[in-house]
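Numbering (our numbering), first residue to last: 0 to 64.
Cβ coordinates follow ideal geometry from the N, Cα and C atoms, glycine included.
What follows is a short report on a single structure.
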């Protein structure tokens, strides 16, 4: 799996063959910032409608910007 550092910018791109650690479909294609790690997954902060939201996403669903 990919490794990310805190502060890396990433695209949220769903990998359909793996369902674990998948985010809500509304956030597909958004760009966010990695804030930390929880187990195998990463904490990603995105902006959604003026609000800052935090997602927990598996690294297969992330692409480096």
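Pairwise C-alpha distance: residue j and residue i
| i | j | result |
| --- | --- | --- |
| residue 110 | residue 29 | Here the chain comprises residues numbered 0 to 64, so residue 110 is not present and cannot be evaluated. |
| residue 55 | residue 32 | 12 Å |
| residue 62 | residue 52 | 18 Å |
| residue 57 | residue 6 | 16 Å |
| residue 34 | residue 1 | 15 Å |
Counted within 10 angstroms of its Cβ, other Cβ atoms place residue i as buried (16 or more) or exposed
| i | result |
| --- | --- |
| residue 22 | buried |
| residue 136 | Because the chain in this structure spans residues 0 to 64, residue 136 falls outside the shown range and cannot be described. |
| residue 18 | exposed |
| residue 20 | buried |
| residue 12 | exposed |
| residue 9 | buried |
Could you tell me which whole beta strand (DSSP E) segments of length 3 or greater appear in the stretch 5-63?
8-11, 30-37, 40-47, 50-56 and 61-63
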